[in-house]
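A.B. asks: Below you'll find the structure I mean.
In the working numbering, the protein residues as written are 121 to 546.
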């Protein structure tokens with residue numbers, strides 16, 4: 121699939137999806153409209169403008185607090201690329217590939233060569249995603265980033281120690297500086313901030329048990345027989361050389377998922393799979409991330425608790441800014457899906473915090489390509505009434521209003537939101 125085709129599909133999906141509204145399609149329809157959503161956490165960022173809700177009269181934005189996942193990347197694992205490549209090459213040498221199999225091999229050769237020694241790196245699309253988010257933030261809240269009349273604009277940026285997060289921070293900062301070179305910035309990537317930027321104690325404590333549950337579902341949903349017949353002309357070769365057909369299929373599906381993140385290649389692998397196989401892959405991926413990183417009934421409590429230090433930092437830094445102890449215009453933080461998924465669950469964001477047990481329930485209430493695609497972001501936008509000193513806060517999840525179980529949204533009274541958040545992390 122070339123970039124034009126992908127963009128046309130994306131535009132069509134916007135129309136079909138009703139901009140993620142209340143009457144949006146169910147998961148199966150979402151995947152059918154755009155198979156790339158089956159990639160789950162590998163789904164590239166979709167900017168879908170939210171409802172335009174006027175700022176309350178007399179209020180002016182003055183501070184933004186943000187946490188963002190790194191942008192689109194290559195797969196972190198070399199085996200995702202090399203395992204299928206070795207098998208397909210061996211089949212080609214044995215003259216055991218169908219025409220479809222030879223077509224796949226040609227594509228996998230290009231994909232693997234492109235990914236060589238880039239495993240886990242930020243891709244050009246990932247850079248563009250963060251530049252886009254930064255620009256939209258700047259355009260939407262120009263007062264926050266203004267330096268007119270001698271106003272100082274200080275942006276504090278911090279990331280985890282992982283290069284793709286550091287480079288996401290750099291891309292975001294670079295775009296802000298291009299838009300206003302007078303912005304003053306601090307950039308840090310330090311172990312000092314990891315206890316709140318990337319706390320994973322709960323996730324790690326559940327990983328073995330939750331991973332086993334996820335693997336069991338994937339085994340049930342993966343049916344590689346049709347794919348093997350379509351790729352290999354010699355059943356004896358499959359029996360002899362393809363030790364684990366399901367694993368091969370899942371590796372190829374993983375490559376299909378990541379192609380949108382390296383879209384400059386203009387390659388799609390979803391054409392090699394049926395609609396049902398693509399949906400089954402999404403259902404397994406969705407439940408895997410739900411039980412391993414999300415608010416599931418069985419594993420969720422310690423996982424959600426991982427976000428408490430992060431939410432505390434967001435609230436306490438905001439208190440310091442509002443109280444005049446910190447002269448910050450924006451606090452930008454860059455991390456990972458395993459940090460932002462517990463954060464939106466802890467906050468109680470609608471569509472990101474449901475506590476259920478089964479894959480079917482998760483598919484209805486918690487969809488990973490919406491909860492945490494690449495470049496996922498949570499933004500707290502602070503507004504002040506200069507006459508009264510009153511502060512309101514708008515909370516965004518992927519640049520759309522995050523509906524919280526708090527009265528008064530989308531411009532929440534600061535004291536109400538602060539007290540709600542404190543109860544969540546204390």
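Ideal Cβ placement from N, Cα and C applies to all residues, glycine included.
Please name the residue, chosen from 538, 191 and 342, that lies closest to residue 279 on a Cα-to-Cα basis.
C.D. replies: 191
A.B. asks: Please give the ranges of any alpha helix (DSSP H) in the segment 335 to 378, keeping only runs that are unbroken, at least 4 residues long and fully inside the region.
C.D. replies: 345 to 351, 355 to 361 and 365 to 378
A.B. asks: In whole angstroms, what separates the C-alpha of residue 543 from that of residue 532?
C.D. replies: In a straight line, the C-alpha of residue 543 is about 16 Å away from that of residue 532.
A.B. asks: Quick one: measure Cβ to Cβ for residue 276 and residue 306, integer angstroms, because I've assumed they're closer than 8 Å.
C.D. replies: 5 Å
A.B. asks: For residue 261 versus residue 204, is the C-beta distance shorter than 8 Å?
C.D. replies: no
A.B. asks: Could you give the C-beta distance for residue 246 and residue 288, rounded to a whole number, given that I count them as a contact under 8 Å?
C.D. replies: 7 Å
A.B. asks: Would DSSP call residue 305 helix, strand or coil?
C.D. replies: strand
A.B. asks: Rounded to the nearest angstrom, what separates residue 238 and residue 456 at their Cα positions?
C.D. replies: 18 Å
A.B. asks: In chain order, what residues of the same chain lie with their CB nearer than 6 Å to the CB of residue 159, ignoring the 5 residues before and after it?
C.D. replies: 377
A.B. asks: In angstroms with no decimal places, state the Cα-to-Cα distance between residue 458 and residue 418.
C.D. replies: The straight-line gap separating the alpha-carbon atoms of residue 458 and residue 418 is approximately 17 Å.
A.B. asks: Report the option in 480, 353, 292 and 505 whose CA atom is closest to the CA atom of residue 218.
C.D. replies: Checking every option, the nearest Cα to that of residue 218 belongs to 353.
A.B. asks: Need the endpoints of the beta strand (DSSP E) that residue 388 sits in, please.
C.D. replies: No residue range can be given for residue 388, since it is assigned to no beta strand (DSSP E) and is classified by DSSP as neither H nor E.
A.B. asks: For residue 186, which three-state DSSP category applies?
C.D. replies: strand
A.B. asks: Could you give the uninterrupted runs of the beta strand (DSSP E) lying entirely in the segment 435 to 499, keeping only those of 3 residues or more?
C.D. replies: 450 to 455
A.B. asks: Would you say the segment 464 to 471 touches the segment 521 to 535, given that touching needs at least three Cβ pairs under 8 Å?
C.D. replies: yes
A.B. asks: Within the continuous beta strand (DSSP E) that includes residue 517, where are the two ends?
C.D. replies: 511 to 517
A.B. asks: Where does residue 520 sit, in a helix, a strand or coil, going by DSSP?
C.D. replies: strand
A.B. asks: Please return the same chain residues whose Cβ sits closer than 6 Å to the Cβ of residue 173, not counting the five positions on each side in sequence.
C.D. replies: 530
A.B. asks: If you follow the alpha helix (DSSP H) that residue 150 is in, where does it begin and where does it stop?
C.D. replies: 147 to 153 is the span of the alpha helix (DSSP H), which, as asked, contains residue 150.
A.B. asks: Give a yes or no on contact between the segment 224 to 234 and the segment 315 to 322, applying the rule of three or more CB pairs nearer than 8 Å.
C.D. replies: no
A.B. asks: Once you ignore the five residues that flank residue 527 on each side, which residues in its own chain have a CB closer than 8 Å to its CB?
C.D. replies: 536
A.B. asks: Exposed or buried, which one is residue 183 when buried takes at least 16 other CB atoms within 10 Å?
C.D. replies: buried
A.B. asks: Among the residues of its own chain, which have a CB less than 6 Å from the CB of residue 333, if the five just before and after it don't count?
C.D. replies: 411
A.B. asks: Going by DSSP, name the residue or residues bridged to residue 282.
C.D. replies: Paired residue(s): none; residue 282 is not in a bridge.
A.B. asks: Identify which residue in 397, 361 and 358 has its Cα closest to the Cα of residue 373.
C.D. replies: Of the candidates 397, 361 and 358, the one whose C-alpha sits nearest the C-alpha of residue 373 is 397.
A.B. asks: Report the residue from 422, 384 and 336 whose alpha carbon sits nearest the alpha carbon of residue 324.
C.D. replies: 422
A.B. asks: Which residues in the same chain have their Cβ closer than 6 Å to the Cβ of residue 152, if we skip the five residues on either side of it in sequence?
C.D. replies: none
A.B. asks: With burial defined as no fewer than 16 other Cβ atoms inside 10 Å of the residue's Cβ, what is the status of residue 281: buried or exposed?
C.D. replies: exposed
A.B. asks: With residue 399 as the anchor, note down where its beta strand (DSSP E) starts and where it stops.
C.D. replies: Following the DSSP letters along the chain, one finds residue 399 in no beta strand (DSSP E) but inside the alpha helix (DSSP H) bounded by residues 395 to 413.
A.B. asks: Do the CB positions of residue 368 and residue 207 come within less than 8 Å of each other?
C.D. replies: yes
A.B. asks: Roughly how many whole angstroms lie between the Cα atoms of residue 400 and residue 175?
C.D. replies: Rounded to whole angstroms, residue 400 to residue 175 spans 42 Å at the Cα level.
A.B. asks: Candidates 358, 300, 283 and 273: which alpha carbon is nearest residue 215's?
C.D. replies: 358
A.B. asks: Residue 327 by DSSP, collapsed to three states: which one?
C.D. replies: helix
A.B. asks: With respect to the alpha helix (DSSP H) encompassing residue 533, which residues constitute its N-terminal and C-terminal limits?
C.D. replies: That residue, residue 533, is in no alpha helix (DSSP H); its beta strand (DSSP E) goes 531 to 533.
A.B. asks: Among the residues of its own chain, which have a CB less than 8 Å from the CB of residue 502, if the five just before and after it don't count?
C.D. replies: 181, 182, 183, 184, 185, 438, 441, 442, 511, 512, 513 and 534
A.B. asks: Kindly indicate which three-state DSSP category residue 164 falls into: helix, strand or coil?
C.D. replies: coil
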